[in-house]
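S.K.: Count along the sequence shown from 1, add 842, and you get the number used in this note's numbering. Quick one: this structure, given as C-alpha cells, is what I'll be asking you about.
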Amino acid sequence: MSRRRSRGAGPGALQRRAAKEESLLDGNSANTLQNFFQSAKRATRKRIAVDVEPPCSSFPFLGYQVSLPEGIQPYKTQKKMIVKILMGLNAKQNVMIESPTGSGKTLGLLSSTCEWLVRHKMRVVESIEKCPVHGQEAAAATAQATQQAVVKQEEPSPKANLDLSPLRKHSDENVLDDCIIIDDVKLDDSRIGFGHDILEQANKRYEDDQEDMIITQPKQLSPDLFEAGEPKADEETKQPNCTCEPRIRVYYASRTHRQISQVVKEFSRLIYGHKLKHTILGSREQLCVNQTVRSAPDLTAKCKELLNADSGLGCQFREKLKALCPQSTPKTATRLREYIEPTVWDVESLKDSLGERPISACPYFAATRVLTLDSDIIFCPFSYLIDPIIRESSDVHLKNSVVILDEAHNVEDFCRESATFLFHDDEAMNAQTSMAEKCDEIGRDLGAKRKVATAAAATYDEEAQVVAHTQEQLRRMEEYQLHLRNMERYIKQMSSWIQEVARPVKKKCEEGGSWGQTPFRATQSSFNDVQKFTQTMNFAEIHVSLERHKLLLPEGDKTADGFKTSYQQVCSAKLDDEEADPDFLISRYKPSSEAIVFMEKMLHFQTFFLPQGNSESYRMNVLMEEEDSNSFATQNETFSSADVARRKGWQTTVPNPLDLISGKAPRRSGQKVLDGWKTTIGLWCMNPSLAFQGAFSSVRSVVLASGTLTPTESFESELGMKFHHKLDGEQVIPPEQIFASVVNTGPAGLPFIATYKHTSGQDNTFSRELARVCLSVSERTPGGVLCFFPSYRLMAQLTGEMDRIGIMKRLKSVKAVFSEPRRSSDLKRTMDEYSAAIQKPETLGPDCTGAIMFAVFRGKVSEGIDFTDELARCVISVGIPFPNTKDEQVLEKKKFNDERRMKSPSDTANISGDAWYTVQAYRALNQAIGRCLRHQRDWGAIVLVDQRLSAQLSPQAPNKISGWVRACLRGYSNYGQFERELEGFMRARSRDVPTERHVLTEE
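See the structure below:
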C-alpha cells in the first residue's frame, strides 16, 4: 500500500482541516478555502487510484533487503557499489564511487542509501520505546510525578506554587533554542525522530489529544516531577539521559537542476519513493509561479520587494501558502503533501500541483521552507550544501546527515570557488550610497518624531502608557540608527581598502604599455578585446591590508563583536512584528540587498581566513579591466541586465520615484577606482578543504560519486577527508562494443604531440595532419562525431587550416559541421541543429551521414549533455587538456601545493603542484571522452590523438585514464592500420546493432 493511502485523508479529516483553516480567513476567503479543500479531496481520491507503489524486487546485501525496480538484475558494479555504501553508512565512514555512465550509478546510490535510512527509522522507533526520557517508562514516571505535584499543591509547602505550564502550552521560556517540534513531541535537534508516521507508536503513550500539548525534555522540568518522595535538601536530582537514535536525513546533491530532475525520476522508480518523504531545494527562478515576479529582470529582488513588510504589495501565492500552513511544523508539511501529485514529484510537478489548485500556493516557499520540515531525503544542487552564504540562507541542517555528492568530479574546484570572495568597486559605491541614504533617512525621521513626541507630551496630558510606548519606539529607532552607523562605517572602511590595494594596478592602467620586469601582468582577451592588468599578493599582505583598515573581526574582540552585532541587527529578517506601530516601522530603513551582501561576503571570508593555519590558504588578486559597452558575455558566463549594470558600476538600486519627479539627483557615495575600468578584488582560496570541512565536518557520511573521478589521488588531500571505501567500477558495455585507440602518428607519418610548441608552428603541419584525421574518421563513422580541443585557439587554427587546404568542403559533404558556441545563450540552438542533422542527414545531402561538433575540454559540450547512441558514435580527443599556464589562479595554486608539500615532506597525502596540475588535465580528458557510450547496448569509438597517451597502454603506468578505457585501449603507430580497424568496427556494429533515434538531453 502506498504511503499516501496509509495517510489517506478521509472526508471527515479534510472537513475538520478545512474548518480549522477557515478560522484564519474572513468571510469570502474562508468560502474559497472550503472550495479548495473540497477540490483537493476529489484530487486526492483520484490520485490514490493511480499513484501506487512501483513493483520491485529485493536483493540481500549485508543483512539489508535492497529493493530495485521489478525486472532489474543489478550489475556487478552495482552490487559492489551497494555493499561499499552500506559498509560506509553503518560505520559512519566516507565512500568514493567511480561508476561509468550506464552502469546504474544513480539507482545504486538511491536504493542502498534509502534502504539503510528506512532501517534506521525503524531503529529510531525502537530507541524511543527504550529511551528513559521519551519512552514508556518516562511517560509513566512523568504522569505519576505530575499527579503527585498536583496533590502537593493542596498542602502548605514551599513548593505549592510548582509551575506545570511546560506540560500545557508551548510558551515555556525555558525551552532550549536548539530544540524543534516533531509532531508535538519536543526533542533535541540532534536526537529527534522523523515525523508523524515514525513517532506515531511512541506518541500513543501520551494523552489522546496532543494538538496543543508540548512535552519538553524532563531536564527542563522541576526535579520534583521525577521524585517519588520528598528529596533531601542537599541531594542533587539525577537526570536521565536521552538514548534516542539521532535524526538522519539524506542530502542528495548534483551540479544542476536538470541532473536533479533525472535523479528524482530514478527515485520515482523505487518503492522508497512511497516510504520516504522528499523535497527539492531550488531558487525562485526554478520555482516561482507569480507572473509579475517572473517578468522582472531580477526575480529574487522583485520577490523580496513584494514581500517587504513596509512597502511591499504582497504575493498572493505566498499568502495562500501561509493560510494553508499557518504553523511551521512537520505535521503541517505532511498535510501539505496530500495535495501534491504524484507522490514522487519533481519541480515541474510541484509547480503544476500547487498552481492548478483553486487557491494557488507558492511552490518556492513550500519546497524550501515547509516540506523540508518532515523530509527524509532532500535533493539540491551543490551550492546549497557547500556555499556558506547559500547554505546559511537555506533550511539546510547537515549535522548527522548522510550527504551524497553525485557528478562530483569537479567538487574540488567548486569548494575553492565557494571559499573565494570577490569585491567590486561599483559594488562598494552602491553599498555606500544605500547606507548613507538610510542613515540620513532615519536621522531625519528621528528628529521629526522627537519633536512631535515632545510637543504632544507638553500640550496634552497624555496617559503615561502612551508616552512610555512612544519613548520605547523612539528607543528602538535610535538603537537601529546606531547599528546602521556602525555598518556604514565598516562599509566605508571596505571601500577605502579597495581603493588602497588597487592603487598600484591603477597607476599601471593609467600609464599603459608594457609592465616589464614587475610583479604585474598585462593581458588582452582575444574574445572581446578587453585589456586587463592584474597583480597577486600573498596571505601576509592580505592580513596587513585588512588590519590597516580595521576590517579584521577576530572572535572575542569587543569592537569586532560590535560590528557583527550591528550587521545581524540591521539584516534581521523580521525587524517588525505583526502588531508593530506603522509610524515606527524599522524595516523601512533596511539597506539594499547589495549593501548587505557586500558586507556579508567579508564576514564569511573571515570565518575561513582567521582560524589558525587557514590564512596561508589565501591569495589576493587585484584585477582591473576596461569596461566594454558592447560585451554582454564572456566565454564562461552570461549576464542579466542587472549583472551588466553591476559590471559597469551603474546604479543598481531602484531610485526614489519622488526624486525622479522633482528632478533631484540620487545621492552617490564613494567612487570608482578609475573611470572606464572595472576593478575586482579577489580573495582566492587555494585550499578546497576549508569549504568542504566547513560544510561536512559534522555529517555522518559523505559519498562522492561520478562516472569520471580518475585520477582519484587528489581527493583526500584536497578535501581534507579520508574516504575509507573506494570503488573503481567496471564498464557494463561489452568490450567488443568499444573501440578505444591512441593515434600516435598522422596519415603522413608525422608524430602527434599536441603541445603549444608543436601546434603553433607557421607551417601548420600539426593542423594539416589533424584535419585529415577528422575527415578520415568522419567518413567511416555513422551518426555524430565529437572532437575536443585543449583551447579555442587550437580549434580555430584547425578549422582555418581545413578551409585553406579544402578539407572543410569535403568534410561538409559527409557531416554537418558545428562549433561549440562561446555564448551560453546560443548553446541550445546549436545542439538542436546538431541533433536534427543526425536524425535526418538525408535532408543535408546525398552523402551526408550525420554531424561533427568541434568543442573544447571543460566547455559546455564536454559535460552535462547526454550524447546517446548515434548522437556520438565517436569521440576524438586532441592532446591533453592541461590548465592554462598563464592563468593567475593556476599558477598560485601550483605554488600553494608545492609550499604545503615542502612544509610537510613526510605527509605523502599532500600532492605537489605538478601532480595537481596533471590531475586536472586527465580528469577533464576523462570527462570529455565519457560523452560516448551511455548505456549497456551503446557502442562507439574513442580516438586519442597524442602519442604521450601511449604511456597509458602499460599496465604499470599510473591510472590517469579511466580504468574501463584503459582495459580496451590500443595504440596505433601505423595510421593505415588504424583506419582499417576503425572501419571494420563501424561496419560490424552498424550491421549487428540497429540504429536508434534519440534527442539530445542534459544529464
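Where a beta carbon is used, it is the ideal one built from N, C-alpha and C, also for glycine. Note that this is a predicted model, so its numbers are computed, not measured.
I'd like the span of the alpha helix (DSSP H) that includes A1770, first residue to last.
M.R.: Numbered from its first residue, the sequence shown carries residue 1770 at position 928. Start and end: G1755 to I1771.
S.K.: Can you check whether the CB of S1832 is closer than 8 Å to the CB of L1767?
M.R.: Walking along the sequence shown from the start, residue 1767 turns up at place 925. Walking along the sequence shown from the start, residue 1832 turns up at place 990. Result no, Cβ atoms of L1767 and S1832 do not sit closer than 8 Å.
S.K.: Going by C-alpha distance, which of S945, I1122 and E1198 is nearest V1212?
M.R.: Mapped onto the sequence shown, residue 1212 falls at position 370. The shortest C-alpha separation from V1212 is found at I1122.
S.K.: Are the stretch 901 to 914 and the stretch 1548 to 1566 in contact at 8 Å, needing three or more beta carbon pairs?
M.R.: Output reads no: the stretch 1548 to 1566 does not touch the stretch 901 to 914.
S.K.: My guess is that V1092 and D1218 are in contact by the Cβ rule of under 8 Å, so how many angstroms apart are they, rounded?
M.R.: Here the question's residue 1092 lines up with position 250 in the sequence shown. Here the question's residue 1218 lines up with position 376 in the sequence shown. Right, the Cβ-Cβ distance comes to about 7 Å (below 8 Å), so this counts as a contact.
S.K.: Going by beta carbon distance, what residues of the same chain come within less than 6 Å of E1458, once the five residues before and after it are set aside?
M.R.: Position 616 of the sequence shown, counted from the first residue, corresponds to residue 1458. Closer than 6 Å at the Cβ level, and outside the excluded window around E1458, lie F1381.
S.K.: Would you report the Cα separation of E1269 and S1260, rounded to the nearest angstrom?
M.R.: Residue numbering aside, residue 1269 sits at position 427 when the sequence shown is read from its first letter. Residue numbering aside, residue 1260 sits at position 418 when the sequence shown is read from its first letter. Roughly 19 Å separates the two Cα atoms.
S.K.: Identify every residue that forms a DSSP beta bridge with W1519.
M.R.: In the sequence shown, residue 1519 corresponds to position 677, counting from 1. E1468.
S.K.: Looking at C-alpha atoms only, which residue of S1202, G1518 and K1745 is the closest neighbour of A1165?
M.R.: Here the question's residue 1165 lines up with position 323 in the sequence shown. Selected option, being the one with the closest Cα: S1202.
S.K.: CB N1132 to CB F1159, shorter than 8 Å?
M.R.: Taking the first residue of the sequence shown as 1, we reach residue 1132 at position 290. Taking the first residue of the sequence shown as 1, we reach residue 1159 at position 317. Taking 8 Å as the Cβ cut-off, N1132 and F1159 qualify as a contacting pair.
S.K.: Give me the DSSP bridge partner(s) of R1812.
M.R.: On the sequence shown, position 970 is the one that residue 1812 refers to. Per DSSP, S1583.
S.K.: Report buried or exposed for E1712, applying the criterion of at least 16 other Cβ atoms within 10 angstroms of its Cβ.
M.R.: Here residue 1712 is taken as the residue at index 870 of the sequence shown, counted from 1. Buried: at least 16 other Cβ atoms inside 10 Å.
S.K.: For L1112, I'd like the list of residues in its chain whose CB is within less than 8 Å of its CB, leaving aside the five on either flank, ordered along the chain.
M.R.: On the sequence shown, position 270 is the one that residue 1112 refers to. Closer than 8 Å at the Cβ level, and outside the excluded window around L1112, lie P896, C898, S909, L910, P911, L949, L952, S953 and C956.
S.K.: Pick from D1425, R1100, L1452 and L1669: whose alpha carbon is nearest that of A1402?
M.R.: Translated into the one-based positions of the sequence shown, residue 1402 becomes position 560. Checked all of D1425, R1100, L1452 and L1669; the closest Cα to A1402 is L1452.
S.K.: Nearest-angstrom Cα distance between A1487 and K947?
M.R.: Counting from one through the sequence shown, the residue named residue 1487 turns up at place 645. Counting from one through the sequence shown, the residue named residue 947 turns up at place 105. Confidence at A1487 is low in this model, with a pLDDT of 35, below 50, so its placement is unreliable and the value that follows should be read with caution. Between A1487 and K947, the C-alpha separation is close to 43 Å.
S.K.: Between the beta-carbon of R1773 and the beta-carbon of V1717, is there less than 8 Å?
M.R.: As a first step, residue 1773 is located in the sequence shown; it is residue number 931 there, counting from the start. As a first step, residue 1717 is located in the sequence shown; it is residue number 875 there, counting from the start. Their beta carbons are under 8 Å apart, which means R1773 touches V1717 by this criterion.
S.K.: On a Cα-Cα basis, can you pick out the residue from V1659, Q1341 and Q1323 that is closest to T1522?
M.R.: Mapped onto the sequence shown, residue 1522 falls at position 680. The shortest Cα separation from T1522 among V1659, Q1341 and Q1323 belongs to Q1341.
S.K.: From the beta carbon of W1526, is the nearest beta carbon of chain D less than 8 Å away?
M.R.: Going by chain labels, chain D is absent from the structure shown, which holds only one protein chain.
S.K.: Thinking R1829 and G1782 are a contact (beta carbons under 8 Å), I'd like their distance in whole angstroms, please.
M.R.: By 1-based counting over the sequence shown, the position of residue 1829 is 987. By 1-based counting over the sequence shown, the position of residue 1782 is 940. Going by Cβ atoms, the distance from R1829 to G1782 rounds to 14 Å, so no, they are not a contact pair.
S.K.: Take K1350 as the anchor and find which of T1376, I1333 and S1414 has the nearest alpha-carbon.
M.R.: The count along the sequence shown starts at 1 and reaches residue 1350 at position 508. Of T1376, I1333 and S1414, the residue nearest in Cα terms is T1376.
S.K.: Find out if the Cβ-Cβ distance for the pair G944, D1780 is shorter than 8 Å.
M.R.: As a working mapping, residue 944 is identified with position 102 in the sequence shown. As a working mapping, residue 1780 is identified with position 938 in the sequence shown. Cβ atoms of G944 and D1780: closer than 8 Å.
S.K.: Let's test the definition: count the other Cβ atoms within 10 Å of the Cβ of T1685 and tell me whether it reaches 16, buried, or not, exposed.
M.R.: Reading the sequence shown from its first residue, position 843 is the one you call residue 1685. By the neighbour-count rule (16 or more Cβ atoms within 10 Å), T1685 is not buried but exposed.
S.K.: Leaving out the 5 sequence neighbours to the left and right, which residues in its chain are closer than 6 Å to T1142 when beta-carbon positions are compared?
M.R.: Sequence index remark: in the sequence shown, residue 1142 carries index 300 (1-based). For T1142, where only same-chain residues beyond five positions count, the Cβ hits under 6 Å are R1126.
S.K.: Give the straight-line distance between the Cα atoms of P1800 and D1194, rounded to the nearest whole angstrom.
M.R.: As a working note, residue 1800 is residue 958 in the sequence shown. As a working note, residue 1194 is residue 352 in the sequence shown. Near 51 Å, if we compare the C-alpha coordinates of D1194 and P1800.
S.K.: To the nearest angstrom, report how far apart G1588 and V1615 are at their CA atoms.
M.R.: Taking the sequence shown and counting its residues from 1, the one referred to as residue 1588 is at position 746. Taking the sequence shown and counting its residues from 1, the one referred to as residue 1615 is at position 773. Between G1588 and V1615, the C-alpha separation is close to 7 Å.
S.K.: What residues in its chain sit with their C-beta under 7 Å from that of R887, if we drop five residues either side in the sequence?
M.R.: Counted from its first residue, the sequence shown places residue 887 at position 45. Bear in mind that a pLDDT of 36 at R887, under 50, signals an unreliable position, so the number given afterwards is only what the model happens to contain. No residues qualify anywhere along the chain.
S.K.: Based on the DSSP secondary-structure assignment, which residues constitute the bridge partners of H1266?
M.R.: The residue labelled residue 1266 in the question sits at position 424 within the sequence shown. Answer is T1522, bridged to H1266.
S.K.: From this set, V1656, E1330 and V1439, which residue's C-alpha is nearest G1404's C-alpha?
M.R.: As a first step, residue 1404 must be located in the sequence shown, where it is residue number 562. With distances taken between Cα atoms, G1404 lies closest to E1330.
S.K.: Given K1348, which residues of its chain have a CB within under 6 Å of its CB, disregarding the five upstream and five downstream residues?
M.R.: The sequence position of residue 1348 within the sequence shown is 506, counting from 1. For K1348, where only same-chain residues beyond five positions count, the Cβ hits under 6 Å are V1515 and L1516.
S.K.: Alpha carbon to alpha carbon, what distance is there between P942 and E1442?
M.R.: Sequence index remark: in the sequence shown, residue 1442 carries index 600 (1-based). Sequence index remark: in the sequence shown, residue 942 carries index 100 (1-based). Rounded to whole angstroms, E1442 to P942 spans 40 Å at the Cα level.
S.K.: Quick check on the DSSP output: the beta strand (DSSP E) that includes C898 runs from which residue to which?
M.R.: Here residue 898 refers to the residue found at position 56 of the sequence shown. From DSSP, the beta strand (DSSP E) with C898 extends over C898 to F903.
S.K.: Just how far apart, CA to CA, sit A933 and A1638?
M.R.: Stepping through the sequence shown from its first residue, residue 933 is reached at position 91. Stepping through the sequence shown from its first residue, residue 1638 is reached at position 796. When rounded, the distance between both Cα atoms is 52 Å.
S.K.: At 3 residues or longer, and completely inside the stretch 1525 to 1583: list those beta strand (DSSP E) runs for me, N to C.
M.R.: Listed in chain order, they are 1543 to 1548 and 1567 to 1570.
S.K.: According to DSSP, is P801 part of a helix, a strand, or is it coil?
M.R.: Any answer about residue 801 is impossible in this case: the structure gives the chain only from 843 up to 1845.
S.K.: Do you know how far the Cα of A1537 is from the Cα of S1225?
M.R.: Walking along the sequence shown from the start, residue 1225 turns up at place 383. Walking along the sequence shown from the start, residue 1537 turns up at place 695. S1225 and A1537: Cα-Cα distance of roughly 11 Å.
S.K.: Just to confirm, are L1592 and G1524 a CB contact at a threshold of 8 Å?
M.R.: Position 750 of the sequence shown holds residue 1592. Position 682 of the sequence shown holds residue 1524. Cβ atoms of L1592 and G1524: not closer than 8 Å.
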